[in-house]
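Chemist:
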Amino acid sequence: MRDIINTQALERMRKIHADSGGIIGAPRRYEDLHSEGIKASLNCIARLMLENRLYGGPRRKH
């Protein structure tokens, strides 16, 4: 079951990464995936991002 969720999440995360230009980090991706019905924890999303080199961009200083 976990492999199916990881595969679904990773596929969608790659699309989000490409659409955002690589700016969105793990917390925002977690929210996006959760709203689409993919149930994965924030730590799982962060781990998948790290393993697949999907890094978010740095925050701007105000």
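So the sequence shown is numbered by this note's numbering: it starts at 1029 and just counts up by one. Positions of the beta carbon are idealized from the N, C-alpha and C atoms, including for glycine.
#1: Can you name the start and end residues of the alpha helix (DSSP H) that Tyr1083 belongs to?
#2: How far does the alpha helix (DSSP H) with Glu1059 in it reach, from first residue to last?
#3: Could you check the C-alpha separation between Gln1036 and Lys1043 for me, to the nearest Å?
#4: Please list, in chain order, all residues of the same chain as Asn1051 whose beta carbon is under 7 Å from its beta carbon, the five residues on each side excluded.
Modeler: On the basis of the data shown:
#1: On the sequence shown, residue 1083 is found 55 positions in, with the first residue counted as 1. Segment: none, Tyr1083 is in no alpha helix (DSSP H) and carries neither H nor E.
#2: Position 31 of the sequence shown, counted from the first residue, corresponds to residue 1059. Per DSSP, Glu1059 belongs to the alpha helix (DSSP H) from Ala1054 to Ser1063.
#3: Counted from its first residue, the sequence shown places residue 1036 at position 8. Counted from its first residue, the sequence shown places residue 1043 at position 15. So the alpha carbons of these two residues sit roughly 11 Å apart.
#4: Here residue 1051 corresponds to residue number 23 of the sequence shown, with the count starting at 1. Residue identity check: residue 1051 is Ile in the sequence provided, not Asn. Excluding residues within five positions, the ones whose Cβ falls inside 7 Å are Gly1084 and Gly1085.
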